[in-house]
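**Q**
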Amino acid sequence: MIRFHSFRRTLRNVTLFGVACCLLSSMVLAQSVCLPAPRLLTTQPMGGKAGTQFEVTISGEHLEELGDLVFSDSRITAAPKLDAAGKAEPNKYVVSIAADCPLGLHESRVMSRLGLSSSRIFSVGTLAEVSQKLPNQTVATAMDVPVNSVCNATISARAVDHYRFEAKQGQRILVDCATRGIDSKLDAVVIIADAMGRDLLVERRGGALDFKVPADGKYIVKVHELTFKGGQPYYYRLAVQELPPDAPIVRQPSTSIVSSFSWPPTGLPQAAATNESEPNNERQQAQKIALPCDIAGGFFPAADVDVFEFEAKKGEVWWVEVASERLGRPTDPSILVQHVKRNGDQEALTDVAEFSDIPSPVKVSSNGYAYDGPPYNAGTADILGKLTIQEDGLHRLQITDLFGGTRNDPRNVYRLVIRQAAPDFALVAWAQHMELRNGDRNALSKPISLRGGSTMALEVIAIRRDGFDGDIELAMENLPEGMTANGLKIPAGQSRGMMLVTTSANAPRAFASANFFGRAKIGEATVTRPCRLASFAWPIPDSWGEIPSPRLMMDVPVSIGGFDLAPITIGPVNKGVIEAKVGEKLTIPLVQAIRSEFSAATMQLKPIGAGFERAPAFDVSLTADSSQAVLDLAALKTPPGDYLIAFQGNTVAKYRHRLDMVAAAEESRRKAAQEIATLEAEAKKLAEAPVAETAEKKLEAENAVKAVAEKQKVATATLAAAMAELTRATQRAQPTDIVDIVVSEPITIRVKSPESK
Amino acid sequence: MVGANSCRIRHALVFFCVIAMGFAPAVQGEEPAQATVSFSNDIVPILTKAGCNVGVCHAKAGNGQNGFQLSLLGFEPQEDYEHLMNEGRGRRLFAGTPDRSLLLQKATGQIPHGGGVRLKADSAEYALLRNWIEQGAPFDTAATPKLVSFEIQPERGSVKPQGEQQLKAVAKYSDGSVRDVTPQALYESNDAAMAEVSPAGLVRVLEISGKVSVMVRYQGRVAVFSAAVPLGAPVDNLPPAKNFIDEHVFSNLKQLGIPPSAVCDDATFLRRVTLDIGGRLPTEEEATAFLADITSDKRDRLIDDLLRSPDYADFFAAKWTTLLKNRRDDASDIVSNFAFHAWVRDSLLANKPYDQFVRELLAATGTVIGNPPVAWYKRVKEPKEQLEDVAQLFLGVRMQCAQCHHHPFERWSQDDYYSLAAFFTQVGRKPSGTRGEDLIFHKRGIATANNMKTGVPLRPAALGDTLPEIAADFDPRLRLADWMSTKDNKFFAKALVNRYWKHFFQRGLIEPEDDIRDSNPPTNPELLAALEQHFIASGFDLKELVRAITRSQAYQLSSVPNAHNLVDRQNYSRYYPRRLQAEVLLDAIDRLTATQTDFQNLPPGTRAVALPDNSYNNSTPFLRVFGRPEGESVCECERVQSSSLSQSLHLINAADIKAKLANGQGRGEKLAKQAGPPEAKVRELYMAAFAREPRADELKTALEYLAEVPLDAAGNPVDAQRASRENFQDLLWALINSKEFLFNH
């Protein structure tokens, strides 16, 4: 009995623990991250053939009151799909691709109530397009696909999609499945099997299957997710095409990883001046080069070592840059440069330099619970470094792929550039993250779609080349009316700046493709470099269970929803330049426009920009309409000059979805109720009217009563519908705790020297 | 861990053997006159023979036993001497009154000793010890001869059942002297059911014919006596040899006088080879077609068909991924586990040469998704684990013991251990975006590993073979892979062919299959060498190896014993039946009952042999009960192939089995509803279960049973439909529970 009781007690404890865990998780889940942002998640199909017109169905998050479906190239256009009655069908568009539209990838977005949505890749190709016909999950139900076509499909969980093609012996068939490169979550396994479904050739690492047909007949292509996940985000474009025997394999195009923003250096020719010449694995086979050089090479075959030799003189300074990962290859280049002193057959080698990764200029978030840095990596496994020659004479450079010991893939190419210093920079930006909630990456799939009266912060990172260490000013142009952008510059020697995009409260609904760039003085010249935008392809609620896949955008879309307003707007009372003298305590009066309830009474703000990050955080009230910031210029040791700063914090708003719909529903209810009251009065009046004397009048009175009764019936139904809609709208408008970043309007400060007036 | 346990178990066995033994009087051979007793050459052997320095006694890791520590089996005489002389408050040795020395008093039981009486006071060993103490217990000098070789005489021989063979152990020293150390040597039979050996080296052979060996150890040296125990029966009707395998197997059988069973019939072969290569039962269609085929090469063609099929890749991937520890400890392991399993499976499907397969695993770099063998480095993180797993799995050598001390049964020292570890010391790791996963790369630098005991940094060396210096830029793991795939490598091909031989014959030519050492000789060395050469010559072609094995008549012998070979368990005179592996059995039951076990989040129709990792063992009790391994070790022994009561009960009465029998879409229901003669239905069942037609008596029994009308709970006959359904379910149940179904035979 004792054991039994002990067992039961344990059971109860376990149960209690379970309940506690459930409570905890529900509490944690009660607060979500990032105010609703419009996200286009799928288009079906995911692309089309140039010169055709076809129907596209879209789906997404927070997509209400849809407007235009727009593309990053104006040669792709869309119009709403109309039904027989001429009414637009929800979520359907007719897309036209002009015959001269560039082949490859484009961005598609849809204008919604909250602004322009996040992007989804849209492919334009030359193959015939087909769409998956379900069911096709067994050999028996395999869908026939003609050779030289591309099939747009979505895989279901626990499913293996089957396709069948027919081919002749000796034909070369390329089966290529585009997935991650077109924003899909699918890690595809693609298999070519015989007609019975017995596997012949398998590809699981995103490669294409190059299949030499062994005999005339039908073959099966199977597609599934590596771990058999599936659903709407797991879509793909399966291309089955015939290739001439010696033709190179050209894959379906793919998006670029974030780190590729820093490649190529400005002015680098498309093709390298020199090609690596094998065999050059051993020192005896070293390829002779002269500096500067620009070499195209490959890490092939496995464990390939490419050795180059050049003469250099003491004191020479060269810059070495290698691209391979940034070309989209899964490589990790490494370079060793040695000085070679020969004495007969003997060699004395002295290490001069080793080069490996380009580290991220800012700490990248580790995969813990909270972000301890941005979750984007501007660094790369490629190489960018300074080579200072220590001694006259022969030098040997060997380049290897640290990931290439056993991999035999001729696609793993590199470009090696050794040049004299050409100071420059490259920029990338992404939406500012919150330190909280690493587990919830919703906030990282964030279009630049602003509510009225809001400011959005973008973090801007620079990779500096060849010793350039000057200021980089940031700017954004071609913005819609009511939107402004202010760059918090990347200070000299540093790598991080901010771009603040602000909308006025009354900014009208609009979207535009902005021009985002950085400007710096390099030597005597002022140069301008584009700033690429990076984003996560998907909102990811559970980053531990899913590897995020950020990518570069092809353009910089900005928009204003025009309906919703920010929960809070903070800005300086004085919109002009605020002046102070060196060493003073600068007080900045702030004004708050509060449009929401918050879970806390105050919010902590910290200055950002121009070295003011060192200033302590301060609280502002979330109930009052004004506050102030005090900056101790003495403590900050701020020298004289003009500064652009802002204040940033997080707060949990009691977000209420579409209060306008509640109001509208209430108005409908009120009108319906009023109508009913009116009709009741009318009915009463009719009932109380004297009995008609003539049959004709009597009939007339009876008809009038009937008509009113009929109207009452309709009005009652209308009221019921209005009540139901009110209930729904009220329910949806219940306050929800949502944490989001709050950034003040930018503030310009002029710090003057003590002597100045 | 298994290796380490095995090491401890063996130490314990040695200890208990020693306890059970008395001591033979010392036999002096051509011993030179010695002025003083040598600690290393005279005293340590006595301590070793008496069992003082076994792993469970004073050589126990930590602090020995009750504060008195000796090195394992006397491998470190200098340390042992210091423990004796300088510890125990000087009471262990009294030069003035040697008999009062704690060493002698404890060993003879004059004062209480946890290890019991180890020496008799009137023995020659006692006298020698006493003499040494009396001489002042000196340690060796530079002039003390060193042991340079050790051999056993004779090295091999033929001993009849119930016969005896006295062994002579001979030690040779650096001064040219030779000593008969038969009484001091330690003896161990590799098969206690075949031969016993006394502490004095007298081998007594028992009843079973075959090959048996006795391992003889002396002062860190090992020698082996191999005996053939002939049965002596006439071996007249050997099947014609089809390849070199048959030549060697039949030659051995002839030598031993063990006549093999006849070659099995087509149905048996079809079922056997389909299970062994494809891990599945043949379908009824396959069975019908094969039995009807009258061409002479149909068996060879069947083998080729099976090797081409993805079933082969699935089945052998299950074997390899388990050994490579593809286990799921966290839900987030799923991607790496699936990718790794897929890499193994696809490599097998494409028949990637084995040396290339191992190379890609050993020297993996990059990310799991980009290069799935990197997942092995997620599972096996430390260089020690890496070398131990690689040595055991790919070289058939268990190095675990040598981490802390000289290997007790082998020539491997701690230097060998850490030299092998050095290959893995330049494995660099960078964090990846995925929790728990690192990017793996070669970290530039000269690879060295410190010998834990001496602190000396060691360069990479592969099991005694010194390799050319490895430059800092070069990944030493690639050198290790190069070394493995050299044609004269003594371990790599041998370990694989022995492992695969065991897969098809249930017993390795060396047992255990991953314990290849001089002291554990193969039962048929010529065959093992020929397999090795064939495998190397084929370019490490795994399918060719399977082809050669399964094409042989030896593989195709019947499992039915003849009058002579029932007890044969090691000479392959017949096929040794084996219970189907857990996954294969589950698939077989699914196929027979025409049902499908559902595995979480995998496509319907996924076979159990195709499961990527161990995580499904929890949700499918059948797999656990029948011993599907968890991927915790590199030892095939983790797979439980023994029978148990729970297995019997599961097959008889478990809910999943009952559900399969009663499945509305299953074969039982189909046959119950289907029109047609019952004979055809019984035939279908037998073809599905056994790949053969029912015999007349079986058919008669089955038909009679099907004609019976069961009674309901009230004792009334049930209706015809229910009777038919229940009868077919019963028949299926009976077939599943038959040995013919449960075993590959």
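In order, the protein sequences belong to chains B and A. The letter at position 334 of the first sequence is residue 334 when you use our numbering, and the numbering goes up by one with no holes. The letter at position 315 of the second sequence is residue 315 when you use our numbering, and the numbering goes up by one with no holes. No residue lacks a Cβ here, since even glycine has one placed at the ideal position from N, Cα and C.
Give the secondary structure of Ala472 of chain A by DSSP, where H, G and I count as helix, E and B as strand, and everything else as coil.
**A** Numbered from its first residue, the second sequence carries residue 472 of chain A at position 472. Here Ala472 of chain A sits in coil by DSSP.
**Q** Pull the bridge partners of Ser213 of chain A from the DSSP assignment, please.
**A** Residue mapping note: residue 213 of chain A aligns to position 213 of the second sequence, counting from 1. The partner list for Ser213 of chain A (beta bridge, DSSP) reads A:Ser226.
**Q** Going along chain A in order, which residues have a C-beta closer than 7 angstroms to the C-beta of Glu276 of chain B?
**A** As a working mapping, residue 276 of chain B is identified with position 276 in the first sequence. Here the premise fails: no neighbours, minimum Cβ distance about 18 angstroms.
**Q** Where in the stretch 330 to 416 of chain B do unbroken runs of the beta strand (DSSP E), each at least 3 residues long, occur, reported from the N-terminal end onward?
**A** 333 to 343, 346 to 355, 383 to 388 and 393 to 401, all fully within the stretch 330 to 416 of chain B.
**Q** Look up Thr602 of chain B in the DSSP assignment and say whether it is helix, strand or coil.
**A** If you number the first sequence from 1, residue 602 of chain B lands on position 602. It is a strand residue.
**Q** Below 8 angstroms, how does it come out for the stretch 190 to 198 of chain B and the stretch 246 to 259 of chain B: are there three or more Cβ pairs, yes or no?
**A** The stretch 190 to 198 of chain B vs the stretch 246 to 259 of chain B: no contact.
**Q** Are the CB atoms of Ala227 of chain A and Gly201 of chain A nearer to each other than 8 angstroms?
**A** To locate residue 227 of chain A, count along the second sequence from 1; it is residue 227. To locate residue 201 of chain A, count along the second sequence from 1; it is residue 201. Not a contact, by the Cβ cut-off of 8 angstroms.
**Q** What I want to know is whether the C-beta of Pro244 of chain B ends up closer than 7 angstroms to one or more non-hydrogen atoms of the ligand MG.
**A** Although the ligand MG was asked about, the structure shown includes no ligands whatsoever.
**Q** Within a Cβ cutoff of 8 angstroms, which residues of the same chain sit near Leu586 of chain A, ignoring the five residues on either side of it in sequence?
**A** Looking up residue 586 of chain A in the second sequence gives position 586. Within the same chain, Leu586 of chain A has close Cβ partners Thr597, Ala608, Thr620, Phe622, Leu623 and Phe626.
**Q** For a contact meaning CB atoms closer than 7 angstroms, what does Asp518 of chain A contact in chain B?
**A** Counting from 1 along the second sequence, the entry for residue 518 of chain A is found at position 518. Here the premise fails: no neighbours, minimum Cβ distance about 32 angstroms.
**Q** Where does Ser619 of chain A fall in DSSP's three states?
**A** Taking the first residue of the second sequence as position 1, residue 619 of chain A is located at position 619. If DSSP states are grouped into helix, strand and coil, Ser619 of chain A belongs with the helices.
**Q** Starting from Lys739 of chain A, follow the beta strand (DSSP E) in both directions and report where the run begins and ends.
**A** Start at 1 with the first residue of the second sequence, and residue 739 of chain A comes out as number 739. No beta strand (DSSP E) holds Lys739 of chain A; the alpha helix (DSSP H) holding it covers Lys739 to Leu742.
**Q** Find the residues of chain B that neighbour Leu761 of chain A, judging by a C-beta separation of less than 9 angstroms, and give them in chain order.
**A** Only positions 1 to 745 of chain A appear in this structure, which leaves residue 761 of chain A out of reach.
**Q** List, in chain order, every chain A residue whose beta-carbon is nearer than 9 angstroms to that of Asp619 of chain B.
**A** Taking the first residue of the first sequence as 1, we reach residue 619 of chain B at position 619. What Asp619 of chain B touches in chain A: nothing, since even the nearest Cβ is about 35 angstroms away.
**Q** Reducing DSSP to helix, strand and coil, say where Pro431 of chain A ends up.
**A** Translated into the one-based positions of the second sequence, residue 431 of chain A becomes position 431. Note: Pro431 of chain A maps to strand in three-state DSSP.
**Q** Can the beta-carbon of Val317 of chain B be found closer than 8 angstroms to that of Lys386 of chain B?
**A** Mapped onto the first sequence, residue 317 of chain B falls at position 317. Mapped onto the first sequence, residue 386 of chain B falls at position 386. Yes. Within cutoff.
**Q** Between A:Gly90, A:Leu557, A:Lys120 and A:Glu79, which has its C-alpha nearest Ala50 of chain A's C-alpha?
**A** Counted from its first residue, the second sequence places residue 50 of chain A at position 50. It is A:Lys120.
**Q** Does Cys177 of chain B come out as helix, strand or coil in the three-state DSSP assignment?
**A** Locating residue 177 of chain B in the first sequence gives position 177, where the first residue counts as 1. Correct three-state label for Cys177 of chain B: strand.
**Q** Terminal residues of the continuous alpha helix (DSSP H) containing Met661 of chain B?
**A** Translated into the one-based positions of the first sequence, residue 661 of chain B becomes position 661. Segment Leu659 to Glu688, the alpha helix (DSSP H) holding Met661 of chain B.
**Q** Assign Leu645 of chain A to buried or exposed, taking buried as 16 or more other Cβ atoms, counted over all protein chains shown, within 10 Å of its Cβ.
**A** The sequence position of residue 645 of chain A within the second sequence is 645, counting from 1. The residue in question, Leu645 of chain A, is exposed, as its Cβ has fewer than 16 Cβ neighbours within 10 Å.
**Q** Would you tell me roughly how many angstroms separate the C-alpha atoms of Thr331 of chain B and Pro264 of chain B, rounded to the nearest one?
**A** Counting from one through the first sequence, the residue named residue 331 of chain B turns up at place 331. Counting from one through the first sequence, the residue named residue 264 of chain B turns up at place 264. Taking the straight line joining both Cα atoms gives about 17 angstroms.
**Q** I want to see whether chain B comes within less than 8 angstroms of Thr367 of chain A, judged by CB atoms only; does it?
**A** The residue labelled residue 367 of chain A in the question sits at position 367 within the second sequence. Answer yes: the Cβ-Cβ gap between Thr367 of chain A and chain B drops below 8 angstroms somewhere.
**Q** Ordered along the chain, which non-local residues of its own chain (more than five positions away) have a Cβ less than 7 angstroms from that of Phe491 of chain A?
**A** Reading the second sequence from its first residue, position 491 is the one you call residue 491 of chain A. Answer for Phe491 of chain A: Leu395, Gly396, Val397, Leu463 and Ile516, listed in chain order.
**Q** Taking just the CA atoms, how far does Thr144 of chain A sit from Leu580 of chain A?
**A** By one-based count along the second sequence, residue 580 of chain A stands at place 580. By one-based count along the second sequence, residue 144 of chain A stands at place 144. Whole-angstrom Cα-Cα distance: 59 angstroms.
**Q** Should Lys133 of chain B be labelled buried (16 or more other beta-carbon atoms within 10 Å of its own) or exposed?
**A** Sequence index remark: in the first sequence, residue 133 of chain B carries index 133 (1-based). It is exposed - the Cβ of Lys133 of chain B has fewer than 16 other Cβ atoms within 10 Å.
**Q** Checking 8 angstroms against the spacing of the C-beta atoms, do Val708 of chain B and Ala683 of chain B come in under that value?
**A** As a first step, residue 708 of chain B must be located in the first sequence, where it is residue number 708. As a first step, residue 683 of chain B must be located in the first sequence, where it is residue number 683. Yes; because the gap between Cβ atoms is below 8 angstroms, this pair is in contact.
**Q** With 8 angstroms as the threshold, decide whether the Cβ of Phe54 of chain B is near any Cβ in chain A.
**A** For the purposes of this step, residue 54 of chain B is taken as the residue at position 54 of the first sequence. No, Phe54 of chain B lies away from the interface with chain A (no Cβ there is under 8 angstroms from its Cβ).
**Q** From what residue to what residue does the beta strand (DSSP E) around Arg529 of chain B run?
**A** Residue 529 of chain B sits at position 529 when you count from the first residue of the first sequence. Arg529 of chain B -> beta strand (DSSP E) spans Ala525 to Phe536.
**Q** Where Met483 of chain B and Ala505 of chain B are concerned, what is the direct C-alpha to C-alpha distance, given to the nearest angstrom?
**A** Position 483 of the first sequence holds residue 483 of chain B. Position 505 of the first sequence holds residue 505 of chain B. Their Cα atoms are separated by approximately 10 angstroms.
**Q** Who are the Cβ neighbours of Pro36 of chain B in its own chain at under 6 angstroms, not counting the five residues just before and after it?
**A** Against the first sequence, residue 36 of chain B aligns to sequence position 36. So the qualifying residues of the chain are His62.
**Q** Which value, in whole angstroms, describes the spacing of the CA atoms of Asn5 of chain A and Gly55 of chain A?
**A** Start at 1 with the first residue of the second sequence, and residue 5 of chain A comes out as number 5. Start at 1 with the first residue of the second sequence, and residue 55 of chain A comes out as number 55. Unreliable placement is indicated for Asn5 of chain A, whose pLDDT of 42 sits below 50; the coordinate value is still reported in the next sentence. For Asn5 of chain A and Gly55 of chain A, the distance between alpha carbons rounds to 11 angstroms.
**Q** Going by C-alpha distance, which of A:Asn520, A:Glu286 and A:Gln570 is nearest Arg692 of chain A?
**A** In the second sequence, counting from the first residue as 1, residue 692 of chain A sits at position 692. Minimum Cα distance to Arg692 of chain A is reached at A:Glu286.
**Q** With a threshold of 8 angstroms between beta carbons, is Arg330 of chain B in contact with chain A?
**A** To locate residue 330 of chain B, count along the first sequence from 1; it is residue 330. It should be noted that the sequence gives Pro, not Arg, for residue 330 of chain B. So, interface residue.
**Q** On a CA-only basis, which of A:Phe535, A:Pro512, A:Arg459 and A:Pro522 is nearest Thr486 of chain A? Give me that one, please.
**A** For the purposes of this step, residue 486 of chain A is taken as the residue at position 486 of the second sequence. That would be A:Phe535, whose Cα lies nearest to the Cα of Thr486 of chain A.
**Q** Measuring only between beta-carbons, confirm whether Asp68 of chain B sits less than 8 angstroms from chain A.
**A** One-based indexing of the first sequence puts residue 68 of chain B at position 68. It does not: the Cβ of Asp68 of chain B has no partner Cβ on chain A nearer than 8 angstroms.
**Q** Report the three-state DSSP secondary structure of Pro353 of chain A (helix, strand or coil).
**A** On the second sequence, residue 353 of chain A is found 353 positions in, with the first residue counted as 1. Correct three-state label for Pro353 of chain A: coil.
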